[in-house]
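Report on the following structure.
Numbering (my numbering), first residue to last: 3 to 349.
Next comes the structure, spelled out in structure tokens:
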């Protein structure tokens with residue numbers, strides 16, 4: 003039996019948890035659909051005109067980022083990928099050059115398990131589109147691409163000029179752009195005088211301020227059931243990112259193949275159902291929450307070492323048997339639901 007799935011991450015549930023107890027007239031919300039997922043931005047306790055103006059500007063910024071850095075529709079990023087394939091040097095925007103340099107840094111920290119250069123592998127598995135089919139790629143084709151070792155570290159960035167000697171590099175910023183968009187949203191909201199807001203991009207969440215006299219509260223989705231594993235408070239400037247094998251996947255004969263590819267063998271990572279990180283307030287918290295959840299997911303039971311490299315103390319992992327392991331710092335934050343309890347608390 004074959005089936006393909008794209009789950010929208012129940013973003014409404016996350017936001018409902020965050021908004022419980024708020025008076026309706028204190029909240030201002032706008033939604034959209036970008037980055038292949040639902041996005042929602044909520045402002046608490048501001049002048050209506052100011053709140054709606056800020057919300058609209060955030061959504062315009064999301065649309066700009068989506069169009070500029072889409073890996074598969076004509077964009078600045080596809081122009082760069084075409085140039086790399088042709089062996090040409092290519093001038094990019096200052097913003098993209100900065101993003102690529104930062105992605106290189108994050109990839110190096112994660113031993114290459116955060117790897118935005120495997121766009122060809124993503125395409126081979128069919129995960130570059132929401133209409134992917136449950137079909138396995140040929141083993142030989144996967145092995146051939148892995149042997150070419152496409153890495154973002156192959157990029158040479160000289161100012162705004164980018165090139166690579168490895169023509170099999172194809173950049174896909176899907177594991178980076180949502181987090182970057184969170185940081186951009188925070189910048190815009192603060193610039194507009196918004197002190198209290200919650201930004202949710204397909205389950206990647208960043209908080210500003212609080213909702214009245216209480217912190218924002220969000221839920222961590224159960225990777226196999228419709229409910230939540232746990233909820234936790236988010237404080238000003240903190241961000242949460244989750245990678246899960248339930249988000250985009252297909253099944254063939256009862257075997258699940260998710261979009262989270264291990265660049266070492268070119269195949270969907272095994273051993274983990276979901277992994278959530280909470281990044282405390284720092285510059286680029288949103289970006290880090292998005293990017294770091296991928297290598298920790300792929301690294302499986304060895305995630306604590308990578309978490310330390312990324313300076314992330316709050317982690318929750320659900321292994322392939324459904325057992326929960328959680329860092330002690332994250333455990334202190336969590337309120338567990340539905341009779342959930344961790345199997346291991348890791349210091």
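Ideal Cβ placement from N, Cα and C applies to all residues, glycine included.
Closest in alpha carbon position to residue 162, among 197, 98, 214 and 202, is 98. Within the segment 200-243, the runs of beta strand (DSSP E) at least 3 residues long that lie entirely inside it are, in chain order, 206-210, 218-223 and 230-236.
Between residue 265 and residue 120, the CB-CB gap stays under 8 Å. With fewer than 16 other CB atoms across the displayed protein chains lying within 10 angstroms of its CB, residue 103 is exposed. In this structure, the straight-line span from the alpha carbon of residue 295 to that of residue 277 is close to 6 Å. Secondary structure note for residue 275: it is in no alpha helix (DSSP H), and the uninterrupted beta strand (DSSP E) holding it is 274-281.
Counting along the chain, the unbroken beta strand (DSSP E) around residue 251 starts and ends at 250-254. Less than 8 Å separates the beta-carbon of residue 168 from that of residue 150. Going by C-alpha positions, residue 336 is about 12 Å away from residue 230. A residue is called buried when at least 16 other Cβ atoms come within 10 angstroms of its Cβ; residue 84 does not meet this threshold and is exposed. If you draw a straight line from the Cα of residue 62 to the Cα of residue 192, it is about 16 Å long.
Apart from the 5 residues on each side of it in sequence, residue 302 sits with its Cβ closer than 7 Å to the Cβ of 273 and 274 in its chain, given in chain order. Here the alpha carbons of residue 330 and residue 159 stand approximately 39 Å from one another.
A straight-line Cα-Cα distance of about 13 Å links residue 310 and residue 280.
For residue 110, the closest C-alpha among the options 156, 347 and 77 is that of 156. Residue 208 places its beta carbon less than 8 Å from that of residue 287. Taken through DSSP and simplified to helix, strand or coil, residue 246 comes out as strand. Close CB contacts of residue 94 within its chain, under the 7 Å cut and outside five residues either way in sequence, are with 78, 82, 162 and 164 (chain order). Per DSSP, residue 31 lies in no alpha helix (DSSP H) segment; the continuous beta strand (DSSP E) that holds it begins and ends at 29-36. Note on geometry: alpha-carbon atoms of residue 212 and residue 48 lie some 12 Å from one another. One Cα belongs to residue 253, the other to residue 190, and the distance between them is close to 41 Å. For the options 249, 269, 92 and 227, the alpha carbon positioned closest to that of residue 141 is the one of 269. About 10 Å separates the Cβ atoms of residue 343 and residue 325, ruling out a contact at the 8 Å cut-off.
Here residue 180 is buried, its C-beta having at least 16 other C-beta atoms within 10 Å. Burial of residue 242 is indicated by the presence of at least 16 other C-beta atoms within 10 angstroms of its C-beta. Listed in chain order, the alpha helix (DSSP H) runs fully inside the segment 167-194 are 179-193, counting runs of at least 4 residues. Counting the other CB atoms within 10 Å of its CB gives residue 347 a total below 16, which places it among the exposed residues. Apart from sequence neighbours up to five positions away, the residues of its chain that approach residue 57 with a beta-carbon distance below 8 Å are 30, 31, 32, 43 and 45, ordered along the chain.
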